[in-house]
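*Asks:* A single structure is presented below for examination.
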Ligand code: BYC
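In this note's numbering, the protein residues as written are 212 to 540.
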C-alpha cells in the first residue's frame, strides 16, 4: 500500500539544483537561534518536503482518527458521554483542518494531500487501524492515544516552522481535555462492577502496545529523526518521547488498579524511569504497510466520505463564485 520501503529510506536529501550556501547558512543560523521560519521565508527544499510530509500525515491522522470514536457516538452510555464524545470528534476535525492549512502554506494543495491519502501514498498514524470493540476502548483512546498525542505535540509547539507551531498551541489545549475525559471515563469503569473492570483491563491490554508504536520506530531505525532534530522540526526523538509516555502512564494505570500488559516492566533507579519490553516492530511495520486489522475499512470510509461530500464542495465553490461576481459588479 505504501510507496516507501521502511528502514531502507535514505535521509531526505535536497533535489534539483544546489542551494545557495549563503541562504542555507542564514537559514540554519535562524533555526539554531530558535527563530520561527515563516511561509514566505527562504527554506531548503528538503526542509519544505519534510514539513509537508509530517504535517499532512499529522492532518490525515486527525481525520482518520475520527472514525474509531465516531463509531461510538450513537452508543455512548449516557447523554453526558455522548455530548463529550461528539465534542471530541469535532475537535479532531478542527485539528485536521488547522494542519491542512499549515501544510498549504508550504505550497501544497488540499486536493493533492487528500489524493495522497486516498491513493495510499501518504501515511496516517498506525493507531487508527485498530478496532474499537467496547465502550472501554473509547476511554482507553482518550487516556492513552490522546495522552501519547500530547506527549508528542507539546514539544511541537516549539517546532521551527511558525504555522505548524501555532496550530499546535490550540491542538494541545484540546488534546489535554481529551486525555482527561478518557482518564475520567476509565476511572469510572475501573471502579465499577467486576464486568466493567474486566472491560477496562481488556481495553488497556489491547491499546497499550499500539500506543507505544505511535511514537514511531526506535531512533536507530528512524530515517528522519536525525535531520528533523537538526532542523528543529522535531524537538525530541521517538525513543525519548516513548520513555516519557511510559513513565507518566504507568503510575496512572497503578492508580486505576490496572495491570500494564508487559512482564518486562520494571522501575530503573539509575535512569529514573521504567525499563519496558520490546514493542512488536514487525506488527508496527505491517500496520504501516496498510495491513492493520481495520485498515481497509478506514480507507473505504474516508474515500466514501470524500465522494459523498462532493456536492458540498461544489455548492461552496458555486456560492463563492457568485459572491465574487456580485462584489465585482
Ligand atoms: N504510524 O523516521 P521516522 C492524534 C513512519 S493524531 C504511521 O521516525 P518521523 C489523534 C514515518 O512517517 C497522531 N507511520 O519518521 C487524532 C516515516 O515514513 P515516511 C498523529 C509512522 O516523521 C485523533 C517512517 O515511519 N501525530 O494523536 O521523523 C484522535 C519512519 O519513521 C508512524 C502526528 O502525526 C506511525 N505511528 O517521525 C486522537 C505527530 N511512526 O513518512 C488522537 C506529528 C513513524 O518517511 N508527527 N511512521 O514515509 C511526528 O511527530 C512524526 O512524524 C512521527 C514519526 C514521530 C510520527
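C-beta: ideal position from N, C-alpha, C; glycine also.
These numbers come from a predicted model, not from an experiment.
What are the complete beta strand (DSSP E) segments, minimum 3 residues, inside the region 326-405?
*Replies:* Listed in chain order, nothing qualifies, since the region 326-405 has no complete beta strand (DSSP E) run of 3 or more residues.
*Asks:* When the cut-off is 8 angstroms and only beta carbons count, does residue 508 lie next to chain C?
*Replies:* Protein chain content of the structure displayed is limited to a single chain, and chain C is not contained in it.
*Asks:* Given 7 angstroms as the limit, tell me if residue 384 has its C-beta closer than that to any heavy atom belonging to the ligand BYC.
*Replies:* In the chain shown, residue 384 corresponds to position 173, counting from 1. Answer for residue 384: no, Cβ out of range of the ligand BYC.
*Asks:* Quick one: measure Cβ to Cβ for residue 295 and residue 392, integer angstroms, because I've assumed they're closer than 8 angstroms.
*Replies:* As a working note, residue 295 is residue 84 in the chain shown. As a working note, residue 392 is residue 181 in the chain shown. Contact flag correct, Cβ pair sits at about 5 angstroms.
*Asks:* Buried or exposed: which applies to residue 265, given that a residue is buried once 16 or more other Cβ atoms fall within 10 Å of its Cβ?
*Replies:* The residue labelled residue 265 in the question sits at position 54 within the chain shown. So residue 265 counts as buried.
*Asks:* Taking the alpha helix (DSSP H) that residue 281 belongs to, which residues open and close that run?
*Replies:* The sequence position of residue 281 within the chain shown is 70, counting from 1. Residue 281 -> alpha helix (DSSP H) spans 277-281.
*Asks:* Does the distance from the CB of residue 368 to the CB of residue 376 come in under 8 angstroms?
*Replies:* Along the chain shown, one-based indexing puts residue 368 at 157. Along the chain shown, one-based indexing puts residue 376 at 165. In contact: residue 368 and residue 376 (Cβ atoms closer than 8 angstroms).
*Asks:* What do you reckon, is the C-beta of residue 450 under 7 angstroms from a heavy atom of the ligand BYC?
*Replies:* Counted from its first residue, the chain shown places residue 450 at position 239. Outside the cutoff, so no.
*Asks:* Taking all protein chains shown into account, decide if residue 236 is buried (16 or more other Cβ within 10 angstroms of its Cβ) or exposed.
*Replies:* In the chain shown, the residue the question calls residue 236 occupies position 25. Flag for residue 236 reads exposed.
*Asks:* Quick check: is any heavy atom of the ligand BYC less than 7 angstroms from the C-beta of residue 337?
*Replies:* Counting from one through the chain shown, the residue named residue 337 turns up at place 126. Yes - the ligand BYC has a heavy atom lying nearer than 7 angstroms to the Cβ of residue 337.
*Asks:* So what does DSSP say about residue 503, is it helix, strand or coil?
*Replies:* Numbered from its first residue, the chain shown carries residue 503 at position 292. Of the three classes helix, strand and coil, the one that applies to residue 503 here is coil, per DSSP.
*Asks:* Under the assumption that residue 314 contacts residue 267 (Cβ atoms under 8 angstroms), give the Cβ distance between them as a whole number of angstroms.
*Replies:* Residue numbering aside, residue 314 sits at position 103 when the chain shown is read from its first letter. Residue numbering aside, residue 267 sits at position 56 when the chain shown is read from its first letter. That belief holds up - the Cβ atoms of residue 314 and residue 267 are roughly 5 angstroms apart, short of 8 angstroms.
*Asks:* Pick out the complete beta strand (DSSP E) segments inside the region 396-478, 3 residues or longer, and give them in chain order.
*Replies:* Within the region 396-478, no complete beta strand (DSSP E) run reaches 3 residues.
*Asks:* Can you tell me whether residue 434 sits near the ligand BYC, meaning its C-beta is under 7 angstroms from at least one heavy atom of the ligand?
*Replies:* Position 223 of the chain shown, counted from the start, is the residue given in the question as residue 434. Within the cutoff, so yes.
*Asks:* Report whether the distance from the Cβ of residue 513 to the nearest heavy atom of the ligand MG is below 7 angstroms.
*Replies:* Of the ligands one can find in the structure shown, namely the ligand BYC, none is the ligand MG.
*Asks:* Would you report the Cα separation of residue 456 and residue 304, rounded to the nearest angstrom?
*Replies:* By one-based count along the chain shown, residue 456 stands at place 245. By one-based count along the chain shown, residue 304 stands at place 93. Roughly 25 angstroms between the two C-alpha positions.
*Asks:* Starting from residue 486, follow its DSSP beta bridges and name the residues at the other end.
*Replies:* Here residue 486 corresponds to residue number 275 of the chain shown, with the count starting at 1. Looking at the DSSP assignment, residue 486 forms a beta bridge with 477.
*Asks:* Looking only at DSSP bridge pairs, what is residue 248 linked to?
*Replies:* Locating residue 248 in the chain shown gives position 37, where the first residue counts as 1. Partner(s): 372.
*Asks:* DSSP three-state label for residue 307, please.
*Replies:* Numbered from its first residue, the chain shown carries residue 307 at position 96. Note: residue 307 maps to helix in three-state DSSP.
*Asks:* Compare the beta carbon distance of residue 414 and residue 348 with 8 angstroms and say whether it is the shorter of the two.
*Replies:* On the chain shown, position 203 is the one that residue 414 refers to. On the chain shown, position 137 is the one that residue 348 refers to. Yes, these two residues count as a Cβ contact at 8 angstroms.
*Asks:* Does the Cβ-Cβ distance between residue 490 and residue 476 come in under 8 angstroms?
*Replies:* Numbered from 1 along the chain shown, position 279 holds the residue referred to as residue 490. Numbered from 1 along the chain shown, position 265 holds the residue referred to as residue 476. No, these two residues do not count as a Cβ contact at 8 angstroms.
*Asks:* Taking 7 angstroms as the cut-off, is the C-beta of residue 276 nearer than that to any heavy atom in the ligand BYC?
*Replies:* By one-based count along the chain shown, residue 276 stands at place 65. Yes, the ligand BYC has a heavy atom inside 7 angstroms of this Cβ.
*Asks:* Assess, as a yes-or-no matter, whether the region 398-412 is touched by the region 428-446 under the definition of 3 or more beta carbon pairs within less than 8 angstroms.
*Replies:* Flag = no, the region 428-446 and the region 398-412 do not touch.
*Asks:* Using three-state DSSP, classify residue 230 as helix, strand or coil.
*Replies:* In the chain shown, residue 230 corresponds to position 19, counting from 1. Here residue 230 sits in coil by DSSP.
*Asks:* If you follow the alpha helix (DSSP H) that residue 523 is part of, which residue opens it and which one closes it?
*Replies:* Within the chain shown, residue 523 is the residue found at index 312, counting from 1. Segment 521-539, the alpha helix (DSSP H) holding residue 523.
*Asks:* Count Cβ pairs between the region 238-257 and the region 281-289 that sit closer than 8 angstroms; are there 3 or more?
*Replies:* Counting Cβ pairs under 8 angstroms, fewer than three are found: no touch.
*Asks:* For a test of the three-state rule: what should DSSP assign to residue 319, helix, strand or coil?
*Replies:* Counting from one through the chain shown, the residue named residue 319 turns up at place 108. DSSP places residue 319 in coil when its eight states are reduced to three.
*Asks:* Grab me the residues of residue 539's own chain with a C-beta within less than 6 angstroms of its C-beta, minus the 5 sequence neighbours each way, in chain order.
*Replies:* In the chain shown, counting from the first residue as 1, residue 539 sits at position 328. So no residue of the chain qualifies.
*Asks:* Just curious, the alpha helix (DSSP H) that residue 492 is in, first and last residue?
*Replies:* Indexing the chain shown from 1 puts residue 492 at position 281. Segment 492-497, the alpha helix (DSSP H) holding residue 492.
*Asks:* Taking just the CA atoms, how far does residue 465 sit from residue 316?
*Replies:* Indexing the chain shown from 1 puts residue 316 at position 105. Indexing the chain shown from 1 puts residue 465 at position 254. Cα to Cα, the separation comes out at about 44 angstroms.
*Asks:* For residue 366, which residues of its own chain have a beta-carbon under 6 angstroms away from its beta-carbon, when the five flanking residues on both sides are left out?
*Replies:* Reading the chain shown from its first residue, position 155 is the one you call residue 366. The answer, listed in chain order, is 446, 447.
*Asks:* Between the beta-carbon of residue 416 and the beta-carbon of residue 472, is there less than 8 angstroms?
*Replies:* One-based indexing of the chain shown puts residue 416 at position 205. One-based indexing of the chain shown puts residue 472 at position 261. Yes, they are a contact pair.
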